[in-house]
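Some notes on the structure that comes next.
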Amino acid sequence: MKKLSAVVSLLVLLAAGTGLFAQTAPDETLFREAKLLVFDKDWDAALDKIDELREKFPSSPWAGQALFYKGECLNGLGGRQREALRAFKEYIQLTGAKAGLVEEAEGRIIDLASELYEKGDASAIRDVESRLGHENKVVRYYAAYKLSFVSDKKIAAKSAPVLERIIESEKDAELLDRARIALLRVSPESLKTVEDRKPRSGSGRMLRIRIRDADSRETLSLNIPIALANLALSAMDEEDKAAIRKKGYDLNTILDELSKSKESILKITGDDGSIIEIWID
Amino acid sequence: MAEHLDKCPECRAEAEEIKRVLEKADAVKAEIREAVASVNWEALPAMIADRVLADARRPEEAPRAARLRAWAFPLRMKPVLAGLAAGLLVGATAMYFALRSPGPRSGRDSGFYASREFLDRAELVMARRNAVDYLKKSQYVLLDVFGSAGEGAGRAAFNSEQVRDLVSRKKYLNAQLERSQMAKAKAICDQIEMLFLELSQLSEEMSAAELQKIRGFVEERQLLLKINLVRKELESEI
Numbered sequence: 005m006k007k008l009s010a011v012v013s014l015l016v017l018l019a020a021g022t023g024l025f026a027q028t029a030p031d032e033t034l035f036r037e038a039k040l041l042v043f044d045k046d047w048d049a050a051l052d053k054i055d056e057l058r059e060k061f062p063s064s065p066w067a068g069q070a071l072f073y074k075g076e077c078l079n080g081l082g083g084r085q086r087e088a089l090r091a092f093k094e095y096i097q098l099t100g101a102k103a104g105l106v107e108e109a110e111g112r113i114i115d116l117a118s119e120l121y122e123k124g125d126a127s128a129i130r131d132v133e134s135r136l137g138h139e140n141k142v143v144r145y146y147a148a149y150k151l152s153f154v155s156d157k158k159i160a161a162k163s164a165p166v167l168e169r170i171i172e173s174e175k176d177a178e179l180l181d182r183a184r185i186a187l188l189r190v191s192p193e194s195l196k197t198v199e200d201r202k203p204r205s206g207s208g209r210m211l212r213i214r215i216r217d218a219d220s221r222e223t224l225s226l227n228i229p230i231a232l233a234n235l236a237l238s239a240m241d242e243e244d245k246a247a248i249r250k251k252g253y254d255l256n257t258i259l260d261e262l263s264k265s266k267e268s269i270l271k272i273t274g275d276d277g278s279i280i281e282i283w284i285d
Numbered sequence: 003m004a005e006h007l008d009k010c011p012e013c014r015a016e017a018e019e020i021k022r023v024l025e026k027a028d029a030v031k032a033e034i035r036e037a038v039a040s041v042n043w044e045a046l047p048a049m050i051a052d053r054v055l056a057d058a059r060r061p062e063e064a065p066r067a068a069r070l071r072a073w074a075f076p077l078r079m080k081p082v083l084a085g086l087a088a089g090l091l092v093g094a095t096a097m098y099f100a101l102r103s104p105g106p107r108s109g110r111d112s113g114f115y116a117s118r119e120f121l122d123r124a125e126l127v128m129a130r131r132n133a134v135d136y137l138k139k140s141q142y143v144l145l146d147v148f149g150s151a152g153e154g155a156g157r158a159a160f161n162s163e164q165v166r167d168l169v170s171r172k173k174y175l176n177a178q179l180e181r182s183q184m185a186k187a188k189a190i191c192d193q194i195e196m197l198f199l200e201l202s203q204l205s206e207e208m209s210a211a212e213l214q215k216i217r218g219f220v221e222e223r224q225l226l227l228k229i230n231l232v233r234k235e236l237e238s239e240i
């Protein structure tokens, strides 16, 4: 019922948008219906609409754009990644393809190629690697980020130069954190070099965390850039965080205390005998 | 000399002493004579040669073995003592490494380091934070669109750059949310993404009809309510 009313309201709105309901072209109606189904993740029904549009109206201005949504449907259906990849690749080759959708299609190609690679298609990763030099930095950055997760260390390391450039040149905190974590994963030494090279004072400083259990076994050893301190302290084990809270510390007080003196070491002993040491070099 | 010895008691005592020594010497001479007579002088060189060659065959064996026997003897005789010694050795080594590894020391592991497990946890924290941020910003964009319509004469405006930025951020969220198994957050973010993809195709000034369409769409799916609920849920986990 909800779906029906949504379709009805959409049609009414489409009619209002184009002037008169009767004047809405059937190809456009098909396209808009398909998009609505995509929105509701009704992949099969949406795919039927798109195929109908492309078969009945091959020269329609909507037929080209429908390729992007065809890729979405095939991707959503699962098990049809190769077809989805083909649809997105076909879309980005179209003359008159919309810039926003092209950028999205590039992102989908990177996702699908990574997925196929992890499932055993070794050649699929070339689609990601080739986008490390893409003219659009959004695509370039995303390719580097995805490549950093690849299990083959040699391939993953290819993302390092782009990740370094993100850290050096970008201002967006979210993007920076992602790039730092990704570079820490593929090449910690490159992260050290790039942090040391940054002109901003203190960016090369390192937060160190060591946690030992009651039997003096080291359960956590961490050296990370100070810029990731907040994230690192948040990512600590729940029990360790609880021990810290119990002693009257929260993330802000820890960072405040540590930043007071370059060499100060915060040592917290938990009730279970574990010892948490946090300091900045 | 005899007359003097009769008169001088000191000389007489000395003479008697000498006489006693000479008598003893005669006795030793007799014993030596007996000993020499008992020696087999023909066989003596062969006996001496045999003993010398036997010593030369094992020049240091005897002392080393003797030292080893002397060292092992107490352990062989006392296994408890041997166990104690071994225990002390192992304990001391373990103590050395235990005290050596955790403490902060300058110069040790000067590079960045984090285990894969820790990085995965950091990614999870980042996924939650970024999803909350994405949902908040999406709310603002939608409220902005609807709010601007109230002020003008039926037309609505939105910042297309903001919308494009959110569409771009969603790519990273996909990877993070899928790995972190935050299905509800992923579902709502997917819907927002499709809506913003549509918005990004429109001009910044929407007609009344377009605005009505978006508003109906959002209300129909109670998108703002869902955003709020998922956001609160994620915030409580941060």
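Chains A and B, in that order, give the protein sequences. When the count follows our numbering, it moves up by one through the first sequence with no breaks and lands on 285 for the last residue. When the count follows our numbering, it moves up by one through the second sequence with no breaks and lands on 240 for the last residue. In this text, a Cβ means the ideal position worked out from N, Cα and C, and glycines have one as well.
For residue i, decide whether its Cβ has a neighbour in chain A, counting only Cβ atoms nearer than 9 Å.
| i | result |
| --- | --- |
| S103 (chain B) | Residue confidence is low: S103 (chain B) scores 40 on pLDDT, short of 50, so the model does not pin down where it sits. Its coordinate-derived value is still stated next. Closer than 9 Å: yes. |
| A116 (chain B) | yes |
| D146 (chain B) | no |
| M184 (chain B) | no |
| K228 (chain B) | no |
| L199 (chain B) | yes |
| G113 (chain B) | yes |
| L126 (chain B) | yes |
| S238 (chain B) | no |
| R233 (chain B) | no |
| A193 (chain B) | Note on residue identity: the sequence assigns Gln, not Ala, to residue 193 (chain B). For Q193 (chain B), the answer is yes, since a Cβ of chain A falls inside 9 Å of its Cβ. |
| S205 (chain B) | no |
| L91 (chain B) | no |
| L121 (chain B) | yes |
| S140 (chain B) | no |
Any idea which residues DSSP pairs residue i with across the strands?
| i | result |
| --- | --- |
| M210 (chain A) | A:P229 |
| W283 (chain A) | A:R212 and A:I269 |
| E18 (chain B) | Answer is none; E18 (chain B) lacks a bridge partner. |
| L224 (chain A) | A:I215 |
| Y115 (chain B) | A:N227 |
Can you tell me the Cα-Cα spacing of residue i and residue j, whole angstroms?
| i | j | result |
| --- | --- | --- |
| K287 (chain A) | A187 (chain B) | One cannot answer for residue 287 (chain A) here, as it falls past the ends of chain A, which runs 5 to 285. |
| W283 (chain A) | E222 (chain B) | 52 Å |
| L232 (chain A) | V198 (chain A) | 14 Å |
| N234 (chain A) | G68 (chain A) | 46 Å |
| V142 (chain A) | Q203 (chain B) | 18 Å |
| L2 (chain A) | E261 (chain A) | Look at the range of chain A in this structure, 5 to 285, and you will see that residue 2 (chain A) is not part of it. |
| I229 (chain B) | F219 (chain B) | 14 Å |
| L224 (chain A) | I215 (chain A) | 5 Å |
| D156 (chain A) | D181 (chain A) | 23 Å |
| Y136 (chain B) | K172 (chain B) | 8 Å |
| W66 (chain A) | E200 (chain B) | 14 Å |
| K74 (chain A) | I159 (chain A) | 30 Å |
| L179 (chain B) | Y95 (chain A) | 26 Å |
| P30 (chain A) | E59 (chain A) | 13 Å |
| L235 (chain B) | L175 (chain B) | Residue identity differs from the one stated: residue 235 (chain B) is Glu in this sequence, not Leu. Taking the straight line from one Cα to the other gives about 17 Å. |
| I269 (chain A) | R221 (chain A) | 19 Å |
| R3 (chain A) | E163 (chain B) | The requested residue 3 (chain A) is not part of the displayed model; chain A covers only 5 to 285. |
| I190 (chain B) | D146 (chain B) | 19 Å |
| R131 (chain B) | S263 (chain A) | 24 Å |
| E243 (chain A) | L226 (chain A) | 17 Å |
Given a cut-off of 9 Å on the beta-carbon distance, is the pair residue i and residue j in contact?
| i | j | result |
| --- | --- | --- |
| L211 (chain A) | I230 (chain A) | yes |
| L81 (chain A) | L51 (chain A) | yes |
| K110 (chain A) | R135 (chain A) | Checking the sequence, you will find Glu at residue 110 (chain A) rather than Lys. Yes. |
| F114 (chain B) | E133 (chain A) | no |
| R144 (chain A) | V166 (chain A) | yes |
| E119 (chain A) | Q85 (chain A) | yes |
| L144 (chain B) | L226 (chain B) | yes |
| I170 (chain A) | A148 (chain A) | yes |
| D200 (chain A) | G277 (chain A) | no |
| S64 (chain A) | F35 (chain A) | yes |
Is there a Cβ from chain B that is less than 9 Å from the Cβ of residue i?
| i | result |
| --- | --- |
| R169 (chain A) | no |
| G68 (chain A) | no |
| E172 (chain A) | no |
| F35 (chain A) | no |
| G277 (chain A) | no |
| L235 (chain A) | yes |
| K45 (chain A) | yes |
| L18 (chain A) | In this prediction, L18 (chain A) scores a pLDDT of 44, lower than 50, which makes its location untrustworthy; no coordinate-derived value is stated. |
Could you tell me whether the Cβ of residue i comes closer than 9 Å to any Cβ of chain E?
| i | result |
| --- | --- |
| E32 (chain A) | Judged by its chain identifiers, the structure shown contains no chain E, and its protein chains are A and B. |
Discussion item. Taking beta-carbon pairs under 7 Å, can you tell me which members of the segment 71 to 99 of chain A lie near chain B?
Written reply: Taking 7 Å as the upper bound on Cβ-Cβ separation, chain B lies near no residue of the segment 71 to 99 of chain A.
Discussion item. What are the residues in the segment 118 to 152 of chain A lying within 8 Å of chain B by C-beta distance?
Written reply: If the cut-off is 8 Å between Cβ atoms, the segment 118 to 152 of chain A has V142, Y146, Y149 and K150 near chain B.
Discussion item. Beta carbons nearer than 7 Å to chain B: which residues of the segment 172 to 203 of chain A have them?
Written reply: Those would be E178, D181, R182, I185, L188, R189, P192, E193, L195 and K196, in chain order.
Fill in: Residues within the segment 159 to 181 of chain B neighbouring chain A, beta-carbon criterion of under 8 Å
The residues in question are R166, V169, S170, R171, K173, Y174, N176 and A177.
Fill in: Proximal residues, the segment 238 to 250 of chain A versus chain B, C-beta separation under 7 Å
Within the segment 238 to 250 of chain A, contact with chain B at the beta-carbon level (separation under 7 Å) is assigned to S238 and A239.
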